[in-house]
Structures are given as structure tokens and as C-alpha cells.
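Q: To start, I am sharing the structure in question, which I have written as C-alpha cells.
In my numbering, the protein residues as written are 36 to 230.
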């Protein structure tokens, strides 16, 4: 599988997000993510807009769903999201409901391990639940205390048979290390948005 470059539009302005998406696609991005701040600021309308503008590209909705998995997956799917992010810290029932809903609406579920203490064990558990992708996400607060995605990616890749996405503090130097460690999807946000 070719490594996928996913660009996370983690900003609050739809116009600027669309401009960055256009530039990212021109630069080789494969997937476009409506990041959590963008969805909270603009609502699911931004997902509709991205899907309308870029119909041949995979649109990811980083919903960070913790509850009502079926409902939020349905909403994002109907708005045009191809992949919906659910939190790995959510109850198994929430994740199962999200997966059922995704199957019903033709989308896929990426389970985000942000904030999960035992990332390897939880990755194995959500694989059994039927997730389509695992996301090893090292949040900004975790990065501030020295955690890096490169510390975890190879151990997760060895334990699951799902594509593993990696997010959090990725730049041109760390992206190559992450791919070498086995990541299938590299998610870049700040390094592009701040460029």
C-alpha cells in the first residue's frame, strides 16, 4: 500500500481551509481532513463544501466522537465524509455503533488513540470491534511533555492488521521515520498550515 498523505485542516476559517486544501492537493495530498476546530467553528457544512469541491478525494471528518457514535457517524457520512474519527477512549458500544452506522452509510471509521494510556492494547481491541483504521495521535499537550509518535508507531503496526495513521507534531524530518516504522497514513497539520 502506498503511504497516504492526509492534510489536517485544524483551523477555524472555512475560506482559509479551502485555500490550504487546494494548495495541499496541488502539492500531492491524498486525503483532506476537516479538523476538529474547523468542524466546531463551521459545522458539518465544511465537510459538505470539501466533498463538493474535491469529490475524488477522501474527506475525513475528525469528529472526535466520544458518545452517540451512530448518530455522529450518520451526520458526518450524510455530509460527505468518507472517514469519520471516533475516540479510542470511548466505550466499546459507542465504537461498535459508529462502525455499524458507517457500514450503513458507506463510510469508514478511524479510531483515534489520543489520550489512551495503553495504545497497543486498545488498538488490538478496536481492531476486533471492526475499525477500519487506527490513528496514533500524540496530542499537543502530550508533545509538550516529550512524547513522540515515533515512540509508539512500530509497536502498534506489529500488533494490528489495519492501516495505522499517525498524527501529532509531524514535520518533514519525522514523516520519513514514521513511514519507515510502518505507518500507512501520515497526517500533517501544523507543519503545512503554519508554513
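Just so you know, even glycine gets a beta-carbon here, dropped at the ideal spot from N, CA and C. All values reported here derive from a predicted model rather than from experimental measurement.
Entirely within the region 196-221 and at least 3 residues each: give me those beta strand (DSSP E) ranges in chain order.
A: Whole beta strand (DSSP E) segments, 3+ residues: 199-202.
Q: Quick check: residue 175 and residue 202, are their CB atoms within less than 7 Å of each other?
A: Contact: no.
Q: Under three-state DSSP, which class holds residue 99?
A: Residue 99: strand per DSSP, three-state reduction.
Q: Under DSSP, the beta strand (DSSP E) around residue 42 begins and ends at which residues?
A: 39-44 is the extent of the beta strand (DSSP E) around residue 42.
Q: Please report how far the alpha carbon of residue 46 lies from the alpha carbon of residue 85, in whole angstroms.
A: Going by the C-alpha atoms only, they are around 14 Å apart.
Q: Taking a contact to mean a Cβ-Cβ separation below 7 Å, would you say residue 195 touches residue 158 in this structure?
A: Yes. Within cutoff.
Q: For residue 109, does the count of other Cβ atoms within 10 angstroms reach 16, so buried, or fall short, so exposed?
A: Buried, since its Cβ has 16 or more Cβ neighbours within 10 Å.
Q: Please return the same chain residues whose Cβ sits closer than 6 Å to the Cβ of residue 190, not counting the five positions on each side in sequence.
A: Only 155 meet the Cβ criterion.
Q: Which complete alpha helix (DSSP H) runs does the region 138-204 hold, if anything under 4 residues is left out?
A: 154-164, 175-179, 188-194, all fully within the region 138-204.
Q: For the region 175-189 and the region 129-144, state whether three or more C-beta atom pairs, one from each stretch, are separated by less than 8 Å.
A: Touching, no.
Q: From the DSSP output, in three-state form, read off residue 116 for me.
A: Of the three classes helix, strand and coil, the one that applies to residue 116 here is coil, per DSSP.
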